[in-house]
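Encoded as C-alpha cells, the structure appears first; notes follow it.
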Amino acid sequence: MFERFTQGARDVVKGAVAQAERERAERVDEGHVLLALLDGSGGSGGSGGSGTRGAFALGALGADTEERRASIGRALAGVRRRAGLSRADAEALAGIGIDVEEVVSRVEQAHGEGVLTGGRRVGGRRPFSREAKGVLESSLRIALAHHDRAIGDEHVLLALATRPGVASEVLAEHGVTVAGIERVLYGGGEAVAG
Numbered sequence: 000m001f002e003r004f005t006q007g008a009r010d011v012v013k014g015a016v017a018q019a020e021r022e023r024a025e026r027v028d029e030g031h032v033l034l035a036l037l038d039g040s041g042g043s044g045g046s047g048g049s050g051t052r053g054a055f056a057l058g059a060l061g062a063d064t065e066e067r068r069a070s071i072g073r074a075l076a077g078v079r080r081r082a083g084l085s086r087a088d089a090e091a092l093a094g095i096g097i098d099v100e101e102v103v104s105r106v107e108q109a110h111g112e113g114v115l116t117g118g119r120r121v122g123g124r125r126p127f128s129r130e131a132k133g134v135l136e137s138s139l140r141i142a143l144a145h146h147d148r149a150i151g152d153e154h155v156l157l158a159l160a161t162r163p164g165v166a167s168e169v170l171a172e173h174g175v176t177v178a179g180i181e182r183v184l185y186g187g188g189e190a191v192a193g
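Just so it is clear: in the sequence shown, position 174 is 173 by numbering that gives the first Met the number 0, and no numbers are missing.
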C-alpha cells in the first residue's frame with residue numbers, strides 16, 4: 000500500500016514515526032499522524048507539505064496556524080494524559096460518577112506525572128497502533144472512492160476526520176469536519192483544491 004502514497008502522504012507517515020520517537024511513545028498512534036499532517040501543512044514550520052491538497056484543506060479550514068496547531072497539540076496531550084480517553088469518554092464516565100481528571104491526578108500523585116501517557120520506549124522500531132493502521136487503510140478506501148490513483152495526504156486527513164476516535168474528535172473541536180474537508184477538496188463550497 001505504501002507504494003501508492005504520494006510524497007506528501009509518505010512524509011506524513013514518516014513524520015508520525017518521528018512524533019512518536021520524540022514522545023518516546025510505545026507505538027505510533029492516530030494523534031501522531033494528525034500532528035505530522037499539521038506539521039507538514041506549513042503552519043508550524045514543517046518541511047515541504049505546504050503545497051499538498053491536505054495542506055490546502057487545513058489552510059482553507061483555518062487549522063494550519065501556529066495557534067490552532069498548538070491547541071490541537073494540547074488537546075492530544077490531554078488525551079494522552081488521560082491514558083487515551085477522549086473528551087467524550089471522560090464525559091460518559093462522568094455521567095456515571097467517575098471523575099477522570101481526579102483519577103488521573105491521584106494516579107500521578109502516587110506514581111509520577113505523565114505515568115499514564117505510555118511514553119517509556121527508548122529505542123527500536125515503533126509499531127503502528129490498530130487505530131493508526133486503520134487510518135492508513137481508510138485513506139486507501141477513500142482514495143479509491145474518489146477514483147484517485149494515489150493516496151495523498153488529503154486522503155489521510157479525510158480518514159482521520161472520518162474514523163471515530165480521538166483524532167476526529169479533536170479535529171471537529173477545531174472546526175475540521177468531513178463535510179468541510181470534502182467541500183474544500185471536491186467542491187460544493189468557495190474553494191476547491193486543484
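Positions of the beta carbon are idealized from the N, C-alpha and C atoms, including for glycine.
Alpha-carbon spacing of residue i relative to residue j, whole angstroms
{"i": "R129", "j": "R140", "result": "16 Å"}
{"i": "E136", "j": "F127", "result": "12 Å"}
{"i": "S203", "j": "H110", "result": "Absent from the structure is residue 203, since the part of the chain shown begins at 0 and ends at 193."}
{"i": "S85", "j": "A91", "result": "10 Å"}
{"i": "A19", "j": "G77", "result": "16 Å"}
{"i": "A17", "j": "R9", "result": "12 Å"}
{"i": "K13", "j": "G83", "result": "22 Å"}
{"i": "G41", "j": "D63", "result": "Confidence is the limiting factor: at G41 the pLDDT is only 47, short of 50, which leaves the residue's position unreliable, though a coordinate-based value still follows. Using only the alpha carbons, I get a separation of about 7 Å."}
{"i": "L75", "j": "E65", "result": "15 Å"}
Cβ-based burial, residue i [other Cβ within 10 Å; buried from 16]
{"i": "H31", "result": "buried"}
{"i": "H154", "result": "buried"}
{"i": "F1", "result": "exposed"}
{"i": "G45", "result": "Confidence in G45 is poor, its pLDDT being 42 and thus under 50, which makes the residue's placement too unreliable to answer from."}
{"i": "I97", "result": "exposed"}
{"i": "A54", "result": "buried"}
{"i": "L170", "result": "buried"}
{"i": "R125", "result": "buried"}
{"i": "I71", "result": "buried"}
{"i": "G50", "result": "exposed"}
{"i": "A144", "result": "exposed"}
Cross-strand partners of residue i (DSSP beta bridge)
{"i": "I141", "result": "Beta-bridge pairing links I141 to no other residue."}
{"i": "I150", "result": "F4"}
C-beta contact flag for residue i and residue j at 8 Å
{"i": "I150", "j": "T5", "result": "yes"}
{"i": "L37", "j": "R73", "result": "no"}
{"i": "V99", "j": "R81", "result": "yes"}
{"i": "A160", "j": "T176", "result": "yes"}
{"i": "E22", "j": "A166", "result": "no"}
Check: Of all the alpha helix (DSSP H) runs that stay within the bounds of the region 24-100, which reach a length of 4 or more residues?
Finding: Entirely contained in the region 24-100, the alpha helix (DSSP H) runs reaching 4 residues are, in chain order, 29-39, 52-59, 65-80, 86-94.
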